[in-house]
Amino acid sequence: MSNSNSDQTAVSEESLHFVISEKEFPEDDRVIADINGRQIAVFNLEDEYYALSNFCTHQGGPVCEGMVSGTLSINEEQELIYCLEDELVACPWHGWEFHIKDGKHTATDDYRIPSYDVVVQDGDIFVQL
Ligand code: FES
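The opening residue of the sequence shown carries number 52 in the numbering used here; numbering runs sequentially from there.
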């Protein structure tokens, strides 16, 4: 798992916050956990985990509760193609879209949702704060 840190020696146990076990994780979906008063979503994208704050940088909406999708783009042959399938989440309040893998806004570098490392240990999923 590219976003999961399996090197346990580099991770402080106090910084790990249990979210859910892998076997209970809904397939290709997300889980939102309350960690130290912050809502943090963990997404499962084809068995890789990514964590984002559930606080939209626009006006504080529950961004991670929004629709997950891809987007349209133009390829080298100038054809319209669908890409980044299931890698974008749209805030349900005003539709701003962010990349699930790193929290970046799809249209500008001026906005980004905080992202967090995800650690999987013995089948359990943790967010590192
Ligand atoms: S609060 Fe998320 S798009 Fe406005």
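From the three backbone atoms N, C-alpha and C, an ideal C-beta is built for every residue, glycine too.
All values reported here derive from a predicted model rather than from experimental measurement.
Asked                                                                                                                                   : Found
Chain-ordered residues, beta carbon under 5 angstroms from a heavy atom of the ligand FES                                               : Cys107, His109, Gln110, Gly112, Cys142, Trp144, His145, Trp147
Candidates Asn95, Arg89, Ile86, of which the one nearest lysine 74 by Cα                                                                : Asn95
Chain-order list of residues whose beta-carbon lies under 8 angstroms from that of serine 72 (same chain, five-residue window excluded) : Gly174, Asp175, Ile176
Cα-Cα separation, valine 171 to cysteine 134                                                                                            : 28 angstroms
Residues near threonine 108 in its chain [Cβ-Cβ closer than 7 angstroms; skip 5 each side]                                              : Tyr162, Arg163, Ile164
heavy atom of the ligand PLP below 7 angstroms from histidine 109 C-beta                                                                : Among the ligands present in this structure, namely the ligand FES, the ligand PLP is not found.
Cβ distance (whole Å) where glutamate 148 is taken to contact threonine 157 below 8 angstroms                                           : 4 angstroms
Contact set for leucine 103: own chain, Cβ-Cβ below 6 angstroms, skip 5 residues either direction                                       : Ala92, Cys115, Gly154, Ile164, Ser166
Cα-Cα separation, serine 66 to glutamate 127                                                                                            : 45 angstroms
Own chain, CB closer than 6 angstroms to serine 53, minus 5 neighbours either side, in chain order                                      : Any reading at serine 53 must be qualified, since the residue scores a pLDDT of 38, below 50, and its modelled position is unreliable; the value itself is stated next. Glu99.
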